[in-house]
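Have a look at the structure below before the remarks.
Residue numbers (my numbering): 145 to 646.
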């Protein structure tokens, strides 16, 4: 039996770090930076180690039993293909964002508070991914949400406080829906362990409970994922937050609290139906189109990127909603790709704001002359999000379109193609007004951002260029393991309970 003692460290490391930074942050400022880098790097290394242990072992899931209590009587943490995939995605983005933040956050007054909240948010996201208990999923979801509410308001300007308040109100409504859904499931199954709950729901189906709870979860997690029509909080929250937090919110937070939770709960616990998959596809296509159309008219760079987050989440949900192996592969691959290129785009917007002092595209031009690294990495990210070959976004969008055609959903395939064309036109506007043309007078004296910020921009750009290699047979297990978990459906229950009994 493989060693599973490393699994709790995904929660322990960031939680301990948040506690320690809050104590020593004011006194040992340099130590905070070193500690933060080491923590994020160790989480990333453990993420790769965990996936490798899972791959070389004969197990489909690794279960850590807290206190040695066997589920469903004890609380457990589970690492399977899907959680391994999500852990690498979250901790990879967190590492690059943290490195970027070390210099970017100098313009704010209280870096230790920022890092404390950052690691609390990371604790929540990692906890959601590894927990095998539905109530603990809710607890970690609240930890990540509350930290993100505070981070959106971190600048304490009127616009940021208003956006944070709206985000907190809508997030609380979403949490209420989720909590009520969990309460109904607990009342029916008398268990909170996700595998045990799936087993009981398979043995005694209920004709009214499942549809009712499904609607509650879809509204709750749909709000967290900012699916249309649950998206109203996002266009205000993302532009208002510091750029590094916008990158985390769009890159991984809405994926973990929203899309991952939807996939885990509906595929592995409740069980999917054709009707539910149709709803997912419709909401995905609607988000895809509405988001990109609203983005076209934006001149605030971060607001434009926020609307594109809604649109790209639509692609992910459309792919997963197809329900076929190819569709789920495309959806999860696009989840990873979007985490990379959207984080890069938000970090680029932060670099521009850091150097130029504005986010209005009409007040900048010719930045390529003064900021070549930012210009080139932004071009790579723009081509990636638009689905231009050979960048990573092309491959995942192509797989989603092919999955639609394979299942005969020609209308959805057309929507995906149109969305990609409109995305390209939107980012051509960004390139034209921000980086090309004659250098604006106000930009004469600006210079490229500091080296740590450039490190993150270049690192993420390299992943955008090489991301398509994840489809190679030798490393495709990274995606295939996650796809297999969703295709197993409620078979997840048997796998986890058997692994826990060993």
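Glycine included, C-beta positions come from ideal geometry on N, C-alpha and C.
Here the structure is a predicted model, which is why all the values come from computation and not from measurement.
Going by the beta-carbon positions, is the gap between residue 223 and residue 205 smaller than 8 Å?
yes
Looking only at its chain, what residues have a beta carbon closer than 6 Å to the beta carbon of residue 611, apart from the 5 residues adjacent to it on each side?
481, 536
Tell me, to the nearest whole angstrom, how far the beta carbon of residue 265 is from that of residue 227; I am working on the premise that it is less than 8 Å.
Between residue 227 and residue 265 the Cβ distance is about 18 Å, and since that is not below 8 Å, they are no contact.
Residue 470 to residue 528, Cα distance in whole Å?
Each residue's Cα considered, the two are about 20 Å apart.
Nearest CA to the CA of residue 367: which residue from 236, 269, 424, 317?
317
Let me check one thing: in DSSP terms, what residues is residue 208 bridge-paired to?
221
With DSSP as the reference, identify every bridge partner of residue 337, one or two as the case may be.
277
Out of 534, 180, 619, point me to the one whose CA is closest to residue 229's CA.
619
Return the Cβ separation of residue 371 and residue 436 in integer angstroms, given the expectation that the two are a contact with Cβ distance under 8 Å.
Under the criterion of beta carbons closer than 8 Å, residue 371 and residue 436 do not qualify as touching, at roughly 14 Å.
If I follow the unbroken alpha helix (DSSP H) through residue 399, where does it start and stop?
Counting along the chain, residue 399 falls outside any alpha helix (DSSP H), and DSSP gives it neither H nor E.
Considering only residues of the region 409–440, which uninterrupted alpha helix (DSSP H) runs meet the minimum length of 4 residues and lie entirely inside it, listed in chain order?
Runs of the alpha helix (DSSP H) inside the region 409–440: 418–440.
Hey, how far is the Cα of residue 247 from the Cα of residue 595?
9 Å
For residue 518, which residues of its own chain have a beta-carbon under 6 Å away from its beta-carbon, when the five flanking residues on both sides are left out?
Excluding sequence positions up to five before and after residue 518, its CB lies within less than 6 Å of the CB of 492, 495, all in the same chain and listed in chain order.
Under a three-way DSSP split, which group does residue 589 fall into?
coil
Inspect the beta-carbon positions of residue 375 and residue 449 and report whether they are closer than 8 Å.
no
Can you look up residue 504 in the DSSP assignment and give me helix, strand or coil?
strand
Using 8 Å as the threshold, is the region 270–288 in touch with the region 325–337, meaning 3 or more CB pairs across them?
yes
Excluding five sequence neighbours on each side, which residues of the same chain lie with their C-beta closer than 6 Å to the C-beta of residue 512?
Excluding residues within five positions, the ones whose Cβ falls inside 6 Å are 519, 579.
Quick check on residue 444: does DSSP put it in helix, strand or coil?
strand
From which residue to which residue does the alpha helix (DSSP H) around residue 529 run?
Per DSSP, residue 529 belongs to the alpha helix (DSSP H) from 516–530.
Does the structure place the region 320–332 close enough to the region 349–363 that three or more beta carbon pairs sit under 8 Å?
yes
Is residue 616 helix, strand or coil when you go by DSSP?
coil
Note the first and the last residue of the continuous alpha helix (DSSP H) segment covering residue 539.
Start and end: 536–550.
So, with DSSP's three-state summary, where would you put residue 479?
helix
Have a look at 558, 182, 298, 348 and flag the residue whose alpha-carbon is nearest the alpha-carbon of residue 157.
Comparing Cα-Cα distances from residue 157 to each of 558, 182, 298, 348, the minimum goes to 182.
Using C-beta distances below 6 Å, list every residue in its chain close to residue 566, excluding the 5 sequence neighbours before and after it, in chain order.
Cβ neighbours of residue 566 beyond the five flanking positions: 436.
In terms of alpha-carbon separation, which member of 523, 538, 400, 463 lies closest to residue 421?
463
Rank 623, 326, 164 by C-alpha distance to the C-alpha of residue 199 and give the top, closest one.
By alpha-carbon distance to residue 199, the top candidate from 623, 326, 164 is 623.
Let me know if residue 167 comes out buried or exposed under the rule of 16 or more other beta-carbons within 10 Å of its beta-carbon.
exposed
Please report the distance separating the alpha-carbon of residue 296 from that of residue 161.
If you take the alpha carbons of residue 296 and residue 161, they lie about 21 Å apart.
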